[in-house]
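Residue numbers (the working numbering): 128 to 394.
This report concerns only the one structure given below.
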Amino acid sequence: MTPQSQQTTGKALARYLEELNKLAQRAHKFFSADISAIVAINPLTGQFLLPSTLTGELQETDIAALTRPDTSRVAEQVLERGMLFIEDLATQPEYQSAFAQAKKIQSLAGVSLGKEYNRQPLAVLYLGFKKPRQFGSSEQEQWQLFVDQASLGLQNAWFIYRHQEIARIGHEINQEAETVETLFKKLHKEIADLINISDFFMLAIYQPQTNNFDLLLSERGQYRFLPGNPLNGGYEWVLQNQEALIIDHLSTEADPLPAALEQIPGT
């Protein structure tokens with residue numbers, strides 16, 4: 128990655144982090160929390176994406192307890208339910224933790240943001256209260272309103288972040304890629320956090336001299352090169368129409384496909 132592309136990436140991340148920070152600050156103030164933390168999640172991989180934004184008495188070392196959903200009962204329940212309200216941790220010891228005890232948290236609220244638009248949420252927001260708090264129906268309605276508004280804003284920020292990153296990757300590849308294989312491997316590495324390519328990823332290179340396609344593909348992490356494939360099916364349709372061919376669910380596609388999809392040898 129060139130210094131210029133690093134700077135571009137830094138700006139994109141900074142803008143996304145700023146949106147997270149605004150959401151955490153807004154929630155912290157509106158709900159009069161003592162402690163708040165927001166943790167960003169990549170909705171494609173389910174992995175924590177960026178450093179967390181902390182408000183109140185939290186320290187950077189504290190965030191480890193909030194970014195491990197495999198060991199945190201609270202995080203598991205927030206991710207599963209979307210919202211979790213604990214009015215008194217003393218009466219619900221299954222949600223108690225050394226972290227909450229150290230910070231003298233008595234009531235806790237956790238919500239996921241952006242799951243309405245993705246398979247995974249874009250972030251998890253935690254608010255801690257040192258005095259017992261009642262989460263009645265009216266307050267839960269306020270929480271739902273906040274989640275709806277925050278999720279929409281965060282989704283827009285995620286789209287902008289992805290767009291800027293894809294533009295950066297395209298510019299960088301045009302400047303640096305020396306061979307087709309280098310281009311493919313670099314593209315595969317760079318977009319893994321922006322597009323779900325965990326199962327399969329392929330790049331088709333048209334060879335006008337032979338009217339064939341050379342295929343470079345990665346299937347579950349294994350790279351392959353298949354030269355000299357005939358121009359037909361989906362390849363031919365995309366090349367002739369200069370349009371994207373997008374199929375959300377191949378097995379359940381109701382409308383007839385514009386082109387027959389050919390089986391790739393060995394896949």
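We treat Cβ as the ideally placed atom computed from N, Cα and C, and that holds for glycine.
In this text, all values refer to a predicted model and were calculated from it rather than measured experimentally.
- In this structure Glu-214 is in contact with Pro-259, their Cβ atoms being roughly 6 Å apart against a cut-off of 8 Å.
- Under the three-state reduction of DSSP, Asp-275 is assigned to helix.
- If you draw a straight line from the Cα of Gln-152 to the Cα of Val-166, it is about 13 Å long.
- Sequence-distant partners of Ile-300 (beyond 5 residues in either direction) whose C-beta falls short of 7 Å from its own C-beta, in its chain, are Leu-310, Lys-313 and Leu-314.
- Between the alpha carbons of Ile-318 and Ala-277 lies a distance of about 26 Å.
- For the region 341 to 370, the full-length alpha helix (DSSP H) segments reaching 4 residues or more read 360 to 368 along the chain.
- When secondary structure is reduced to three states using DSSP, Asn-339 falls in the strand class.
- Taking a contact to require three or more Cβ pairs closer than 8 Å, the region 287 to 302 and the region 251 to 271 do not qualify as touching.
- In this chain, Gln-334 is not harboured by any alpha helix (DSSP H); it is covered by the beta strand (DSSP E) spanning 327 to 334.
- In the same chain as Asn-338, and ignoring 5 residues on each side of it, the C-beta atoms closer than 6 Å to its own belong to Leu-358, in chain order.
- For Lys-242, the closest of Ala-217, Ile-391, Glu-221 and Glu-207 by C-alpha to C-alpha distance is Glu-207.
- Taking the C-beta atoms as reference points, Leu-254 is found no nearer than 8 Å to His-376.
- As computed with DSSP, Phe-226 is found in no beta bridge at all.
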